[in-house]
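Q: Protein chains in written order, with the numbering used here: chain A, 1 to 140; chain B, 1001 to 1479. The beta carbon of each residue, even a glycine, is placed where N, CA and C say it ideally should be. Bear in mind the structure is a predicted one, so any value in this text is a computation, not a measurement.
1. Would you report the Cα separation of residue 1342 of chain B and residue 1399 of chain B, rounded to the nearest angstrom?
2. Start and end of the alpha helix (DSSP H) containing residue 1473 of chain B?
3. With a 10 Å radius around its C-beta and 16 neighbouring C-beta atoms as the bar for buried, classify residue 106 of chain A as buried or exposed.
4. Suppose the cutoff is 8 angstroms on Cβ atoms and the five residues either side in sequence are ignored; what does the same chain contact list for residue 3 of chain A look like?
5. Under the assumption that residue 1090 of chain B contacts residue 1328 of chain B (Cβ atoms under 8 angstroms), give the Cβ distance between them as a whole number of angstroms.
6. Let me check understanding here. Comparing Cα to Cα, which of A:138, A:40, A:134 lies closest to residue 20 of chain A?
7. Closer than 9 angstroms, Cβ to any Cβ of chain A: which residues of the segment 1061–1072 of chain B, in chain order?
8. Please name the residue in B:1381, B:1397, B:1280, B:1415 whose C-alpha comes closest to that of residue 1426 of chain B.
9. Where residue 1396 of chain B and residue 1280 of chain B are concerned, what is the direct C-alpha to C-alpha distance, given to the nearest angstrom?
10. For a quick check, are the C-beta atoms of residue 1055 of chain B and residue 1323 of chain B less than 9 angstroms apart?
11. Helix, strand or coil: how does DSSP classify residue 1103 of chain B here?
12. Classify residue 1069 of chain B as helix, strand or coil using the three-state DSSP reduction.
13. Among A:139, A:81, A:58, A:60, which residue has its Cα nearest to the Cα of residue 42 of chain A?
14. Suppose contacts are defined by Cβ-Cβ distances below 9 angstroms. Is residue 86 of chain A in contact with residue 67 of chain A by that definition?
15. Take residue 1301 of chain B and list the residues in its own chain whose beta-carbon comes closer than 7 angstroms to its own, dropping the five residues that flank it on each side.
16. Distance check for residue 1204 of chain B and residue 1478 of chain B, CA to CA, integer angstroms please.
17. Can you check whether the C-beta of residue 1510 of chain B is within less than 9 angstroms of a C-beta belonging to chain A?
18. Return helix, strand or coil for residue 138 of chain A, following the three-state DSSP convention.
19. Give me the Cα-Cα distance between residue 1448 of chain B and residue 1151 of chain B, rounded to the nearest whole angstrom.
20. Tell me whether residue 128 of chain A is buried or exposed, calling it buried when 16 or more other Cβ atoms sit within 10 Å of its Cβ.
21. Work out the CA separation of residue 1081 of chain B and residue 1052 of chain B for me, nearest whole Å.
22. Contact criterion: CB-CB distance below 9 angstroms. Does residue 104 of chain A meet it with respect to chain B?
23. Just by C-beta distance, which residues in the segment 1423–1454 of chain B are closer than 9 angstroms to chain A?
24. Three or more C-beta pairs closer than 8 angstroms, one from the segment 1056–1068 of chain B and one from the segment 1022–1040 of chain B: is that the case here?
25. In the DSSP assignment, what are the bridge partners of residue 1062 of chain B?
26. So which of B:1192, B:1167, B:1111 has the shortest CA-CA distance to residue 1133 of chain B?
27. Can you give me, in chain order, the residues of the segment 1253–1268 of chain B that have a beta carbon less than 9 angstroms from any beta carbon in chain A?
28. Classify residue 1039 of chain B as helix, strand or coil using the three-state DSSP reduction.
29. Which value, in whole angstroms, describes the spacing of the CA atoms of residue 1224 of chain B and residue 1446 of chain B?
30. Please identify the residue among B:1370, B:1230, B:1419, B:1386 whose C-alpha is closest to the C-alpha of residue 1104 of chain B.
31. Between A:93, A:44, A:126, which lies nearest to residue 103 of chain A when the distance is taken from Cα to Cα?
32. Are residue 62 of chain A and residue 136 of chain A touching if we call contact CB-CB under 9 angstroms?
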């Protein structure tokens, strides 16, 4: 687990750290699910392939989490685990992922908070000597 | 952050760098002390960079740290030369508050009867995660109708009365709405959520009128001491969230194309006259109409709940709409100040319209006293009904505050609630709370919010609203 919740007065965010860019995107998915419910309680019975594109690496992270939010709201499934590959440069980036998760069930998944959207506010995706890190704020 | 005191309730952030206007924040000394190092003030300065912004970037005393705009922010942009910014509306387009009055008195309810009403509300109004009631499934054509006609769609379907529409901001329908500007994804995400409360700070609350400050205005609003009221706080649900998400992407590109330099990407905007600006305005209006319809459907559910709990048929119940305000919205409005007519796009991000007595947009029944301004507080203390003023019209583009504003982050609230039983604590005060998630109750506990009375004190001293009544909670349902 390499994400932490970021405090924001009205909303909530996550800070993610990972050794690779691929792990950064998968861990961001786990962090996103953990904002909504306890991620450890989410099973892995559902599997789904994803493809997302964006005009920047940070925008790709927003697009990725937006896609997970959209799937959650339309199918009820949260996908915290899986594998991803990220390709691109400059203004053209894409992500392919195969994720596993479970349908949200209020009886076994205590709702922490419902996410309305993934914001661009304070958005950061960067690489330093310790690896990759990202910071993202959700509207809740 | 440089700050200059203007008077007892106003502070100036002087224009510097690429700010096009100054910032003006309404706050008491104590509030400003707490705000001084808060990112919300920088956000007021950031909003002042928007092209075509008129007079000042304003913030109401419930200002707090948002994304892009501060929550509590108001910015009017020139209709011809200005921009529209989805960040000035937020993701929850037309999140707002509706107040219903009943002919019941607090004395009509013992503890058991109150619990019965709250349980009935909890059964009737879907909360938390998931879609709406099975008896309200919308076809594609239905959804088009909701997006085009707003609250009137629900009334036409028997979910309310024609007279309800007269007591809603904009009559419960923005005419600029174009259903075709709402993406298939937004339809898919939100189409099943009509008539649902959501989670977070959204609620439906049974209240009593605890105090009347202005008898004449209260009488016009139909409010008397001891009366039972119901307040609904909700918005456009997943549909609105997705509309904002979709259009922000286009706005990021548009801002670059139009050479608009902004200090925060979340302020992405486009000229009102540009294709991107027009498309967003049309889509936002459609999402706003969804929110008006959402609160209208829930009004019907409230009536249904009271009917079941009291054994009185809906037609014989007196549950009437006092008013319905938007507090996340951008609208084209016309102002006449010093004999000059000005058309502007007023962004209210966590702020409420507060039109004065005599304004043609104020419902006929309230024309002499001004528009009702509904200010929810927290679930343990109180909420307020205020009335709009001429000074608000002249100083703040007819705007006032929208609520208490958070004091604690959600994490901090949860930490402080650990080991406590917030629901039982509220029950001891006579307040029945039912919620889909217990975490929500902890995050939303009264101490997590500022005292809304302080916010109301500043707006009334500043003259941008007047106090009419205080409402105290009896029972609350939350997501």
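A: With the given structure in hand:
1. Going from the Cα of residue 1342 of chain B to the Cα of residue 1399 of chain B covers about 16 angstroms.
2. For residue 1473 of chain B, there is no enclosing alpha helix (DSSP H); the enclosing beta strand (DSSP E) has its first and last residue at 1466–1478.
3. Residue burial annotation: residue 106 of chain A is exposed, with fewer than 16 other C-beta atoms found within 10 angstroms of its C-beta.
4. Cβ within range, chain order: 14, 15, 16, 17, 27, 28, 30, 31, 34.
5. About 4 angstroms separates the two Cβ atoms, so the contact holds.
6. Nearest option by C-alpha distance: A:134.
7. Residues of the segment 1061–1072 of chain B with a Cβ closer than 9 angstroms to any Cβ of chain A, in chain order: 1064, 1065, 1066, 1067, 1068, 1071.
8. The shortest C-alpha separation from residue 1426 of chain B is found at B:1381.
9. When rounded, the distance between both Cα atoms is 24 angstroms.
10. Not closer than 9 angstroms, so no.
11. In this structure, residue 1103 of chain B counts as strand in the three-state DSSP scheme.
12. Note: residue 1069 of chain B maps to coil in three-state DSSP.
13. Comparing C-alpha distances from residue 42 of chain A to each of A:139, A:81, A:58, A:60 shows the shortest one belongs to A:81.
14. Contact flag unset, no.
15. 1124, 1125, 1195.
16. If I take the Cα positions, the gap works out to 7 angstroms.
17. Residue 1510 of chain B lies beyond the range of chain B shown here (1001 to 1479); nothing can be said about it.
18. Strand, per DSSP.
19. In this model, residue 1448 of chain B and residue 1151 of chain B are separated by some 32 angstroms (Cα to Cα).
20. Label assigned to residue 128 of chain A: exposed.
21. Using only the alpha carbons, I get a separation of about 5 angstroms.
22. Judged by the 9 angstroms Cβ criterion, residue 104 of chain A is in contact with chain B.
23. Under the 9 angstroms Cβ criterion, the segment 1423–1454 of chain B contributes 1436, 1437, 1438, 1439, 1440, 1443.
24. Taking 8 angstroms as the limit for Cβ pairs, the verdict is that the segment 1022–1040 of chain B does touch the segment 1056–1068 of chain B.
25. BP columns for residue 1062 of chain B are empty, so no partner.
26. Each of B:1192, B:1167, B:1111 was checked against the Cα of residue 1133 of chain B, and the nearest Cα belongs to B:1192.
27. Residues passing the 9 angstroms Cβ filter: 1253, 1264, 1265, 1266, 1268.
28. Here residue 1039 of chain B sits in helix by DSSP.
29. The alpha-carbon atoms of residue 1224 of chain B and residue 1446 of chain B are separated by roughly 25 angstroms.
30. Considering only B:1370, B:1230, B:1419, B:1386, the residue with the shortest C-alpha distance to residue 1104 of chain B is B:1230.
31. Comparing Cα positions, the closest option is A:44.
32. Contact flag set, yes.
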